[in-house]
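**Student:**
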Amino acid sequence: MLKGFKPVYLLLIVLMIFSLNACKNKPKKIEQKVTVYNQETFVSAASDGENKIADWLSHKEIIINGLDKHGSSALTVASKNGRLETVKILVDKGADVNVTDNDGDTPLMCAAFAGNLGTVKFLLSKGANPTIKSNNGWTAYIYASEKGYTEVAELLKPKK
142 MLKGFKPVYL LLIVLMIFSL NACKNKPKKI EQKVTVYNQE TFVSAASDGE NKIADWLSHK
202 EIIINGLDKH GSSALTVASK NGRLETVKIL VDKGADVNVT DNDGDTPLMC AAFAGNLGTV
262 KFLLSKGANP TIKSNNGWTA YIYASEKGYT EVAELLKPKK
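Residue numbers (our numbering): 142 to 301.
What follows is the structure, given as structure tokens:
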């Protein structure tokens, strides 16, 4: 035994060390939950427009290409909802124009499906790949064609 320490004091010191270690881990778990919550809110803010997305981008814990619980990124949501200015901000901040959601859909596919011509043009100009296929085997061209968006489909038509 250690000289000068009674077993009771030694036990108290050991318990304090265990308690401190246990407390040290709790903020990380709470922080992770806050980050997940913030990511969900960030992705949903993409449908509200550029003002809200700009506010969220000031938070350091936001992951620009992170997915929400539905598997969508902020760029995918903004593209789907015709928020061109939000799309521009996200791409400028480093969002991946070819990110895929749980269905394998890209922001370009979502913009094509919704008939958002301006968003389709912008994404293509930033390197969006129109030949990527979703989990169901569809491309952005097929989505636009099936929905009857002829101008969008013409822009996405595979080159021969």
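All C-beta atoms in this analysis are idealised placements derived from N, C-alpha and C, irrespective of residue type, glycine included. Since the structure is predicted, the reported quantities are computational estimates derived from the model, not experimental observations.
Using 8 angstroms as the threshold, is the C-beta distance between residue 297 and residue 253 below it?
**Tutor:** Taking the sequence shown and counting its residues from 1, the one referred to as residue 297 is at position 156. Taking the sequence shown and counting its residues from 1, the one referred to as residue 253 is at position 112. Yes.
**Student:** DSSP has residue 208 in a bridge; who is on the other side?
**Tutor:** Reading the sequence shown from its first residue, position 67 is the one you call residue 208. By DSSP's assignment, residue 208 forms a beta bridge with 214.
**Student:** To the nearest angstrom, report how far apart residue 259 and residue 265 are at their CA atoms.
**Tutor:** As a working mapping, residue 259 is identified with position 118 in the sequence shown. As a working mapping, residue 265 is identified with position 124 in the sequence shown. Roughly 10 angstroms between the two C-alpha positions.
**Student:** Could you compute how far the alpha carbon of residue 241 sits from the alpha carbon of residue 279?
**Tutor:** The residue you call residue 241 lines up with position 100 of the sequence shown. The residue you call residue 279 lines up with position 138 of the sequence shown. Residue 241 and residue 279: Cα-Cα distance of roughly 13 angstroms.
**Student:** Is there a C-beta anywhere in chain C that falls below 8 angstroms from the one on residue 220?
**Tutor:** No chain C is part of this structure, which consists of one protein chain only.
**Student:** Let me confirm a value: residue 221 is counted as buried when at least 16 other C-beta atoms fall within 10 Å, else exposed. Which label applies?
**Tutor:** Here residue 221 refers to the residue found at position 80 when the sequence shown is read from its first residue. Buried, because 16 or more other Cβ atoms sit within 10 Å of the Cβ of residue 221.
**Student:** Please specify which runs of the alpha helix (DSSP H), each continuous and at least 4 residues long, are wholly inside the stretch 232-259, giving them in chain order.
**Tutor:** 248-255
**Student:** Under 6 angstroms Cβ to Cβ from residue 249, same chain only, skipping five residues before and after it: list those, please.
**Tutor:** Counting from one through the sequence shown, the residue named residue 249 turns up at place 108. Same-chain partners within the cutoff: 264, 269, 281.
**Student:** Determine the contact status of residue 227 and residue 236, defining contact as a CB-CB distance below 8 angstroms.
**Tutor:** Here the question's residue 227 lines up with position 86 in the sequence shown. Here the question's residue 236 lines up with position 95 in the sequence shown. It is not a contact, given that the beta carbons lie outside the stated cut-off.
**Student:** Cα-Cα, which of 291, 238, 210 is closest to residue 267?
**Tutor:** Counted from its first residue, the sequence shown places residue 267 at position 126. Of 291, 238, 210, the residue nearest in Cα terms is 238.
**Student:** Mind reading off the beta-carbon distance from residue 256 to residue 293? Whole number of angstroms is fine, and I expect it under 8 angstroms.
**Tutor:** Position 115 of the sequence shown, counted from the first residue, corresponds to residue 256. Position 152 of the sequence shown, counted from the first residue, corresponds to residue 293. That belief holds up - the Cβ atoms of residue 256 and residue 293 are roughly 6 angstroms apart, short of 8 angstroms.
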